[in-house]
């Protein structure tokens with residue numbers, strides 16, 4: 208168990224809707240590292256289904272009485288972080304597994320630079336610019352590297368926010384992205400970078416993502432999620448939004464299952 212302090216006052220929020228075994232696994236990963244015992248950290252499961260029973264740890268459960276979806280849960284996390292005086296807010300999907308030392312690795316960039324607004328873990332999933340340098344068989348086997356990549360935007364699967372900066376920018380846009388919140392992470396990154404702040408991916412933290420678990424629970428489709436992204440970003444930023452985040456006109460074709468080099472104006476390398 209790694210019980211060293213993260214240093215920064217941090218709120219960690221795990222939105223969940225059913226499938227308690229998935230949430231249990233994320234909780235277990237955080238407890239494995241001793242993150243729940245860190246005096247600088249508060250961990251909360253947002254129980255959108257109202258039936259979650261915490262298996263272990265010094266962790267709170269918040270039951271809002273309705274399904275906040277990802278975007279409302281993330282904004283609740285930001286508002287709570289601001290009210291409680293946390294400098295960093297972390298939002299984690301419940302359908303992921305975490306690398307050893309995950310939380311320390313994820314928030315380390317905020318200790319090293321004061322112009323970072325968003326930081327994400329690297330992973331095995333959709334966005335090429337966020338992929339790990341090597342994909343392990345399990346998250347527990349991931350070998351971290353002290354590498355921070357500046358990126359145009361961060362996926363919300365496992366994301367950390369610099370609370371004062373992101374709250375000042377208005378948080379996530381629930382009006383433009385009224386469904387699950389797909390596309391709201393890209394929109395926030397556009398505003399972050401327009402404010403002269405940075406988005407980064409750290410190779411000191413890694414998640415494996417099971418994907419589609421919450422989508423399947425709520426009968427969401429990939430095409431519906433794609434429509435939420437495109438409808439919201441087109442309405443807010445017009446045809447030029449892709450270029451603002453380094454994406455090519457070919458990005459987001461129908462029936463897409465993951466980004467490729469052709470999606471980017473300059474394909475990522477690391």
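Residue numbers (my numbering): 208 to 477. C-beta atoms are modelled at their ideal positions from N, C-alpha and C, and glycine is treated no differently. Note that the structure is predicted; figures quoted are calculated from it, not measured.
Open item on the list: Measuring straight from C-alpha to C-alpha, what distance separates residue 304 and residue 255?
Closed with: By 1-based counting over the chain shown, the position of residue 304 is 97. By 1-based counting over the chain shown, the position of residue 255 is 48. Spanning the alpha carbons of residue 304 and residue 255 requires a straight line of approximately 20 Å.
- [ ] Please confirm whether residue 376 and residue 405 have their CB atoms less than 8 Å apart.
- [x] Walking along the chain shown from the start, residue 376 turns up at place 169. Walking along the chain shown from the start, residue 405 turns up at place 198. Not a contact, by the Cβ cut-off of 8 Å.
Open item on the list: Pop quiz: residue 262 and residue 231 are said to be a contact at Cβ under 8 Å. What is the actual Cβ separation, rounded to whole angstroms?
Closed with: Taking the chain shown and counting its residues from 1, one reaches residue 262 at position 55. Taking the chain shown and counting its residues from 1, one reaches residue 231 at position 24. Yes, residue 262 and residue 231 are in contact; Cβ-Cβ is about 5 Å, under 8 Å.
- [ ] Return helix, strand or coil for residue 309, following the three-state DSSP convention.
- [x] Counted from its first residue, the chain shown places residue 309 at position 102. Residue 309: helix per DSSP, three-state reduction.
Task: Range covered by the alpha helix (DSSP H) that runs through residue 285 - done: Taking the chain shown and counting its residues from 1, one reaches residue 285 at position 78. DSSP places residue 285 in the uninterrupted alpha helix (DSSP H) bounded by 276-291.
Open item on the list: Between which residues of its own chain and residue 436 is the CB-CB distance below 6 Å, once the five residues before and five after are set aside?
Closed with: In the chain shown, the residue the question calls residue 436 occupies position 229. Annotation for residue 436: 389 and 390 place their beta carbon closer than 6 Å to its own, counting only its chain and skipping 5 residues before and after.
TODO: Kindly list the residues whose CB is nearer than 8 Å to the CB of residue 265, restricted to its own chain and excluding five residues on each side of it in sequence; keep chain order.
DONE: Your numbering for residue 265 matches position 58 in the chain shown. Hits under 8 Å: 243, 244 and 250.
Open item on the list: Are the CB atoms of residue 280 and residue 222 within a distance shorter than 8 Å?
Closed with: For the purposes of this step, residue 222 is taken as residue 15 along the chain shown, with counting starting at 1. For the purposes of this step, residue 280 is taken as residue 73 along the chain shown, with counting starting at 1. Yes; because the gap between Cβ atoms is below 8 Å, this pair is in contact.
Open item on the list: When you compare the CB positions of residue 346 and residue 414, do they come within less than 8 Å of one another, or not?
Closed with: Start at 1 with the first residue of the chain shown, and residue 346 comes out as number 139. Start at 1 with the first residue of the chain shown, and residue 414 comes out as number 207. For the 8 Å CB-CB criterion, residue 346 and residue 414 form a contact.
Task: Cα-Cα separation between residue 458 and residue 246, rounded to whole angstroms - done: Translated into positions along the chain shown, residue 458 becomes position 251. Translated into positions along the chain shown, residue 246 becomes position 39. Computed Cα separation, rounded: 43 Å.
Open item on the list: One question on the structure: do residue 353 and residue 411 come within less than 8 Å of each other, judged by their Cβ atoms?
Closed with: Within the chain shown, numbered from 1, the residue matching residue 353 stands at position 146. Within the chain shown, numbered from 1, the residue matching residue 411 stands at position 204. At a Cβ-Cβ threshold of 8 Å, residue 353 and residue 411 count as neighbours.
- [ ] Just mark residue 283 as buried or exposed, buried being the case when its beta carbon has 16 or more other beta carbons within 10 Å.
- [x] Position 76 of the chain shown, counting from 1, holds the residue named residue 283. Of the other Cβ atoms in all chains shown, 16 or more fall within 10 Å of the Cβ of residue 283; this residue is therefore buried.
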